[in-house]
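Data first, discussion second: the structure below is written as structure tokens.
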Amino acid sequence: FHIRGAAERQAVTQTVRELAIKVADPAQEVSSLSGGNQQKVVIGKALLTGPKVLLMDEPSRGIDVGAKADVFRTMRKLSRDGLGILFATSDLDEVMALSDRIAVMSNGKLTGMFDRAEATEAALVAASALGHGPVPHGEQGA
Numbered sequence: 003f004h005i006r007g008a009a010e011r012q013a014v015t016q017t018v019r020e021l022a023i024k025v026a027d028p029a030q031e032v033s034s035l036s037g038g039n040q041q042k043v044v045i046g047k048a049l050l051t052g053p054k055v056l057l058m059d060e061p062s063r064g065i066d067v068g069a070k071a072d073v074f075r076t077m078r079k080l081s082r083d084g085l086g087i088l089f090a091t092s093d094l095d096e097v098m099a100l101s102d103r104i105a106v107m108s109n110g111k112l113t114g115m116f117d118r119a120e121a122t123e124a125a126l127v128a129a130s131a132l133g134h135g136p137v138p139h140g141e142q143g144a
């Protein structure tokens, strides 16, 4: 396996610029970056493969409010540029702010599908509850 140093450096520099990753030097260790910038590095690495769809699991977990805004801005830009983004989150605010279409899953079952225009917090919570089924007799109030 041969990595062309110049091509790799150019790709890293371009990714750092496009995703606004805050680094002192593109060769800086990822582990020394803030959580939000580490998240953007993960996104950048995925983008270097030239995907048509990006799958993200809890993209804002463990990062501060400012970093969340950066990650969300990046997700919106990528979507506008034509990249499909499928993300899983338990944060209703994220779902409502970022999604064009919302699939609700509960206990491994698809319990609802909504276009952004018809999605409400109440509808999403109700769809989520559908996956839990009725409470068996004798366990109510336990």
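Its first residue numbered 3, the sequence shown is counted upward by one per residue in the numbering used here. Backbone N, C-alpha and C define an ideal beta-carbon position, used for all residues, glycine too.
| query | result |
| --- | --- |
| Here's a check: name, in chain order, each residue in its chain whose Cβ is nearer than 8 Å to the Cβ of Leu2, leaving out the five neighbours to either side. | Any question about residue 2 goes unanswered here, given that the chain covers just 3 to 144. |
| Smallest Cα separation from Gly46: which of Ala13, Ala119, Glu96 and Ala90? | Ala13 |
| Buried or exposed for Asn39, going by 16 or more other Cβ atoms inside 10 Å? | buried |
| Whole alpha helix (DSSP H) runs in the region 5–46 with 4 or more residues, listed along the chain? | 7–20 |
| Here's a check: name, in chain order, each residue in its chain whose Cβ is nearer than 6 Å to the Cβ of Thr17, leaving out the five neighbours to either side. | Gly46 |
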